[in-house]
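Numbering (full-length UniProt numbering), first residue to last: 1 to 245.
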């Protein structure tokens with residue numbers, strides 16, 4: 001097992017409202033990435049609070065083995081924490097955050113998401129999006145209202161339809177992956193995927209074996225294109241015995 005994470009403010013934003021954290025034990029690995037929203041630094045508050053709430057809840061319940069339930073309850077608690085802060089603090093009113101989290105135990109990966117931060121699986125030089133975006137543009141694509149070509153220049157691409165902290169309850173999507181040796185998990189905020197196509201990401205991954213360098217190259221490429229948003233990336237390489245990437 002190898003992993004790496006990094007975040008970058010980009011070239012336009014004055015604040016980095018992304019937040020991430022990794023928590024590793026002998027039994028499992030937990031990876032969390034959030035992209036906050038809200039004025040007056042409230043987005044920073046929301047993303048940090050959500051990540052810390054999830055990690056702390058999992059820590060407190062790590063001896064239980066129902067990992068899917070624990071992860072779901074952790075995110076539901078994070079929603080409560082962000083929502084209550086927003087309701088009780090006028091400076092944080094209407095703040096919220098996306099979240100994508102992954103808990104890996106043995107060769108099982110449990111993936112949870114709310115919003116448009118994504119988790120991809122890179123296997124056999126192919127990149128597959130596991131999570132489903134909770135966004136207006138994805139809803140319109142799914143219903144056939146707009147085409148893939150129209151989605152590229154869609155005026156409301158940044159509108160999300162589900163996030164943490166906006167309402168007093170939240171629906172959490174859960175996905176399960178059976179990992180094989182050499183699988184690479186990529187988690188990111190939309191500061192990456194709004195700039196790079198899947199093919200671009202694959203090309204950068206194929207060029208390099210060092211995870212930190214892959215992340216740096218991805219961030220550099222996003223900033224070279226426009227750098228209009230914060231970018232946060234976590235990579236996790238699943239390795240079995242005698243595995244050599």
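Cβ coordinates follow ideal geometry from the N, Cα and C atoms, glycine included.
Values in this document were obtained by computation on a predicted structure and should not be read as measured data.
Comparing C-alpha distances from residue 78 to each of 114, 218, 125 shows the shortest one belongs to 114. DSSP places residue 27 outside any alpha helix (DSSP H), giving it a letter other than H or E. Of the candidates 97, 30, 129, 124, the residue whose Cα lies closest to the Cα of residue 197 is 129. Contact between residue 71 and residue 112 is confirmed by a C-beta separation of about 5 Å, below the 8 Å threshold. For residue 199, the closest alpha carbon among the candidates 182, 4, 191, 218 is that of 218. DSSP places residue 114 in the strand class (E or B) of the three-state scheme. Contact between the region 32 to 40 and the region 96 to 109 is present: 3 or more CB-CB pairs across the two stretches fall below 8 Å. Residue pairing by DSSP places residue 20 opposite 33 in a beta bridge. Remark: C-beta atoms of residue 205 and residue 233 do not approach each other more closely than 8 Å. When the Cα atoms are used, residue 186 and residue 118 turn out to be separated by approximately 8 Å. By the Cβ neighbour-count rule, residue 64 is exposed, with fewer than 16 other Cβ atoms within 10 Å of its own. Here DSSP, grouped into helix, strand and coil, assigns residue 196 to coil. Counting along the chain, the unbroken alpha helix (DSSP H) around residue 72 starts and ends at 67 to 88.
Residues 137 of the same chain have their beta carbon placed closer than 6 Å to that of residue 154, with the five preceding and five following residues left out of the count.
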